[in-house]
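198 is the number of the first residue of the sequence shown in this note's numbering; add one for each residue after it. Positions of the beta carbon are idealized from the N, C-alpha and C atoms, including for glycine. Keep in mind that this is a model prediction, so the values were computed, not measured. See structure below.
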Amino acid sequence: MFGFKGAAIFAALLLCLAPFATAAQDVTLTSPDGGVEISGTLLGFDGEFYRVDTIYGELTVDGSGVSCDGPGCPNLIDFVAEVDFSGSSTMGEALMPALLEGFALRNGLRVSRQPGEGTRVDYTLRDGQTGKVVARFGFRITTTDEGFADLLADEADVVMALREIRSEERTRARNAGMGDMTDRNRSRVLALDAMVPIVAPGNPVKAISMPELAAAFSGQITNWSELGGPDAPITLHLPDAGSGLAQAVEDRLLRPEALTLPEGVVRHRLSSALSRTVTTDPFGLGLVSYAEVGNARMLTLSGSCGFTLQATRRTIKTEDYPLTSPMFLYLPARRLPKLAREFLSYMRGPAAQIVIRRVGFVDQSPEEITINRQGDRFANAISAAGDEVTLSELRRMVGTLRPMVRLTTSFRFEAGSSRLDAQSRSNIEQLARAIEAGVYDARSLSFIGFSDGDGPSVANLAIARRRAEAVRDAVLAAAETVNPDRVALQVEAYGEALPMACDDSAWGRQVNRRVEVWLR
Numbered sequence: 198m199f200g201f202k203g204a205a206i207f208a209a210l211l212l213c214l215a216p217f218a219t220a221a222q223d224v225t226l227t228s229p230d231g232g233v234e235i236s237g238t239l240l241g242f243d244g245e246f247y248r249v250d251t252i253y254g255e256l257t258v259d260g261s262g263v264s265c266d267g268p269g270c271p272n273l274i275d276f277v278a279e280v281d282f283s284g285s286s287t288m289g290e291a292l293m294p295a296l297l298e299g300f301a302l303r304n305g306l307r308v309s310r311q312p313g314e315g316t317r318v319d320y321t322l323r324d325g326q327t328g329k330v331v332a333r334f335g336f337r338i339t340t341t342d343e344g345f346a347d348l349l350a351d352e353a354d355v356v357m358a359l360r361e362i363r364s365e366e367r368t369r370a371r372n373a374g375m376g377d378m379t380d381r382n383r384s385r386v387l388a389l390d391a392m393v394p395i396v397a398p399g400n401p402v403k404a405i406s407m408p409e410l411a412a413a414f415s416g417q418i419t420n421w422s423e424l425g426g427p428d429a430p431i432t433l434h435l436p437d438a439g440s441g442l443a444q445a446v447e448d449r450l451l452r453p454e455a456l457t458l459p460e461g462v463v464r465h466r467l468s469s470a471l472s473r474t475v476t477t478d479p480f481g482l483g484l485v486s487y488a489e490v491g492n493a494r495m496l497t498l499s500g501s502c503g504f505t506l507q508a509t510r511r512t513i514k515t516e517d518y519p520l521t522s523p524m525f526l527y528l529p530a531r532r533l534p535k536l537a538r539e540f541l542s543y544m545r546g547p548a549a550q551i552v553i554r555r556v557g558f559v560d561q562s563p564e565e566i567t568i569n570r571q572g573d574r575f576a577n578a579i580s581a582a583g584d585e586v587t588l589s590e591l592r593r594m595v596g597t598l599r600p601m602v603r604l605t606t607s608f609r610f611e612a613g614s615s616r617l618d619a620q621s622r623s624n625i626e627q628l629a630r631a632i633e634a635g636v637y638d639a640r641s642l643s644f645i646g647f648s649d650g651d652g653p654s655v656a657n658l659a660i661a662r663r664r665a666e667a668v669r670d671a672v673l674a675a676a677e678t679v680n681p682d683r684v685a686l687q688v689e690a691y692g693e694a695l696p697m698a699c700d701d702s703a704w705g706r707q708v709n710r711r712v713e714v715w716l717r
């Protein structure tokens with residue numbers, strides 16, 4: 198941040214070079230004594246700070262220490278906060294407007310909606326008593342790709358994304374002075390979603406394995422008879438190619454198996470339109486947002502060992518369902534207007550989680566699951582037990598977990614990496630804030646590590662414990678103000694004793710490698 202007093206020496210240097218400024222510059226910021234002058238193009242004003250593009254680079258200047266002169270100067274008396282969002286239509290059409298309505302209601306504001314040009318929609322916020330306009334929130338409802346493009350072109354303040362930022366986008370943003378977009382202050386998980394395979398209600402196929410799903414969406418399986426259905430060609434349906442959901446399909450379903458999409462995939466601009474089309478297509482197979490299944494029927498994910506997984510709010514929160522898809526907001530390293538910052542803060546709170554749930558997406562509020570509601574998991578553990586997972590080990594695990602409840606807050610790692618995935622990194626922050634707020638005072642939190650069954654069980658047990666310790670340490674590092682006397686943080690591991698999926702595929706092994714949080 199370029200505070201005015203703290204930059205006196207640098208600003209004085211600018212004075213020496215000021216005669217070379219061009220006439221095209223539209224604002225001049227001047228100190229009270231007239232001794233310091235900064236000229237440039239006004240990029241933004243958040244009600245407190247000016248952001249100016251000068252011939253020496255972009256500067257942020259404290260407005261309390263300068264006067265502004267020029268055609269670009271804002272109205273300081275009737276300042277209207279403005280912020281532009283761009284990106285995912287799944288987020289921009291329903292979720293963000295609902296959150297904006299909730300925020301306005303909570304703060305005594307009124308919201309009105311005005312369609313703009315093309316894909317743009319504007320929302321005006323007015324003071325509930327005076328009717329004075331206090332903010333304008335603009336949404337460009339397109340795709341995740343377009344959202345990042347708008348950010349890099351300085352045409353958006355916040356990106357709505359259904360995938361993580363890619364390396365080339367991250368590099369370009371850093372080179373443009375926007376900071377590292379993967380930092381904890383630059384990106385956040387707003388809500389949770391999942392990629393769900395859907396068919397028409399009359400389709401006889403009820404379940405599909407992940408390898409079969411990948412084979413179908415790569416063109417290796419082309420007839421429903423290969424999946425236990427009728428002798429009919431499969432019609433594939435996906436969102437537009439630039440959408441985060443479609444890119445997540447390629448990144449997470451196809452690329453790990455070195456597969457690509459075939460030609461002839463039917464594309465849809467909106468997930469809701471995709472769902473409606475598949476509902477009336479007896480031979481259609483689509484991948485759609487969990488929140489926008491509509492009247493189509495979800496397929497259960499199955500495995501050759503008999504395990505099944507279905508997308509539910511709970512399995513998406515825990516990431517037990519393998520095709521979870523977090524919904525991101527990305528913000529550059531610049532100040533937003535105060536009201537916009539308050540909106541972003543609101544979206545982390547409990548009131549926003551209720552709104553997220555009502556719209557149909559999965560919120561991040563942790564839920565407690567008693568052991569009695571996890572019968573299938575323990576039945577799977579017994580059926581999968583072999584020579585290396587003994588009955589005594591299962592008894593030890595059940596004896597430890599019986600008096601406890603599982604939190605839906607879980608942690609998983611990126612494929613082939615010790616780095617936590619995006620949803621888990623968000624869970625670190627959520628859990629740390631809850632611990633700091635005293636939510637778990639006088640209780641015990643156990644970080645319990647599990648592994649896949651690939652390799653010797655002794656080595657898997659040691660790896661699972663190290664992962665649990667790493668997660669606990671990350672939570673402690675994030676919870677800077679926690680009092681260790683108020684809450685006990687423990688570590689335990691059971692290796693491959695409680696599988697969630699079959700170990701015969703890469704995705705199954707990744708689902709099984711996890712750290713769960715249990716509460717006592």
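Out of the options, which has the shortest C-alpha to C-alpha gap to residue i?
i    : options                : result
G237 : A443, G267, A346       : G267
T379 : A656, A690, R616       : R616
S261 : V277, G244, Q687, V712 : G244
E352 : R337, S364, Q707, E366 : R337
R574 : Y527, S654, L695       : L695
L450 : T327, L520, A578       : L520
I274 : L458, L256, F242       : F242
L387 : L533, A698, P523, E611 : P523
S562 : V552, V556, A576, P547 : P547
F608 : T368, R545, D618       : D618
S264 : T474, F246, L498, S228 : S228
A690 : S468, R538, E590, P600 : E590
At what residues does the beta strand (DSSP E) containing residue i begin and finish?
i    : result
Y691 : 685 to 692
A388 : 384 to 396
I566 : 565 to 567
L256 : 254 to 259
A332 : 330 to 339
Locate the alpha helix (DSSP H) running through residue i, then write down its first and last residues.
i    : result
R538 : 535 to 543
R640 : Per DSSP, R640 belongs to no alpha helix (DSSP H) and is neither H nor E.
L658 : 654 to 675
M407 : 407 to 414
A237 : At residue 237 the sequence reads Gly, which differs from the Ala that was named. That residue, G237, is in no alpha helix (DSSP H); its beta strand (DSSP E) goes 234 to 242.
S614 : Where S614 is concerned, there is no enclosing alpha helix (DSSP H), given that its DSSP letter is neither H nor E.
F300 : 293 to 303
R367 : 364 to 372
R532 : That residue, R532, is in no alpha helix (DSSP H); it is neither H nor E in DSSP.
R592 : 588 to 598
S522 : Segment 521 to 527 is the beta strand (DSSP E) holding S522; no alpha helix (DSSP H) there.
Is the beta carbon of residue i sitting closer than 7 Å to the one on residue j?
i    : j    : result
A289 : G305 : First, the residue type needs correcting, since residue 289 is Gly and not Ala in the sequence shown. Not a contact, by the Cβ cut-off of 7 Å.
F345 : V280 : no
L269 : D319 : Per the sequence shown, the amino acid found at residue 269 is Gly instead of Leu. No, they are not a contact pair.
A549 : L296 : yes
V559 : K514 : yes
E693 : G650 : yes
H434 : G481 : yes
I405 : A412 : no
R664 : V712 : yes
P408 : A703 : no
A612 : G376 : no
DSSP state of residue i, grouped into three classes?
i    : result
S285 : strand
P547 : helix
A221 : With a pLDDT of 44 at A221, under the threshold of 50, the modelled position of that residue is not reliable, and no figure is offered here.
R710 : coil
M697 : coil
G483 : strand
P436 : strand
Q719 : Outside the displayed range of the chain (198 to 717) lies residue 719, so it cannot be described from this structure.
R248 : strand
M378 : coil
E423 : helix
S621 : helix
S264 : strand
D651 : coil
E585 : coil
Taking only heavy atoms of the ligand ZN into account, decide whether any of them is closer than 6 Å to the Cβ of residue i.
i    : result
P523 : Judged by which ligands are present, the structure shown has none, so any question about the ligand ZN falls away.
By Cβ distance, which residues of its chain are closer than 8 Å to residue i, with the 5 residues on each side in sequence left out?
i    : result
V490 : V393, I395, S472
D437 : T340, A443, R464, H465, R466
M432 : According to the sequence as given, residue 432 is Thr; it is not Met. Excluding positions up to five away in sequence, the list reads V463, D478, F480, G481, L482.
Take residue i and list the residues in its own chain whose beta-carbon comes closer than 7 Å to its own, dropping the five residues that flank it on each side.
i    : result
E585 : S654
V330 : V277, T321, R323
Excluding the 5 residues flanking residue i on each side, which residues of the same chain have their C-beta closer than 6 Å to its C-beta?
i    : result
G441 : S285, T341, A358, L359, R360
L526 : V355, R385, L387
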